[in-house]
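Per the working numbering, the sequence shown starts with residue 470, numbered consecutively. Everything below concerns the one structure shown next.
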Amino acid sequence: MVFRAMDTLLETVVVLLALMGVLALAPAGALSVPPPPLSPGTPPEPIAFLARVLVPVGLVLGAWQVWAGADIPGGKFQGAALI
């Protein structure tokens with residue numbers, strides 16, 4: 470039982486450290502300045518379709534894995550990585 474608690478705690482620490490690493494690598498002021506406008510372009514239709522379909526599916530599956538990870542081994546870290 471203690472192993473599950475330590476495993477979950479360490480998985481949470483790894484995710485938070487990864488977030489801190491991403492924020493540390495961002496240039497100074499990059500998070501407060503809006504990005505410049507991009508020139509309009511159209512992605513290929515299959516890519517646009519997959520982006521519209523797979524992103525919500527991935528978010529739902531990741532959220533489910535995080536939620537179910539409290540009861541089954543190894544779900545929280547994979548769910549957070551998927552999100």
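Glycine included, C-beta positions come from ideal geometry on N, C-alpha and C.
Proximal residues to residue i (C-beta, below 8 Å), its chain only, five neighbours per side dropped
| i | result |
| --- | --- |
| V483 | F546 |
| P509 | none |
| A520 | P512 |
Beta-carbon spacing of residue i, residue j below 8 Å
| i | j | result |
| --- | --- | --- |
| L523 | Q534 | no |
| G548 | G531 | yes |
Host alpha helix (DSSP H) of residue i (start-end)
| i | result |
| --- | --- |
| G527 | E514 to A537 |
| A487 | V471 to L494 |
| L551 | K545 to L551 |
Close Cβ partners of residue i (< 7 Å) along its chain, the five nearest in sequence each way excluded
| i | result |
| --- | --- |
| L528 | I552 |
| G538 | G544, K545 and G548 |
Neighbourhood of residue i by C-beta distance below 6 Å, restricted to the same chain and skipping five residues each side
| i | result |
| --- | --- |
| P542 | none |
| A517 | none |
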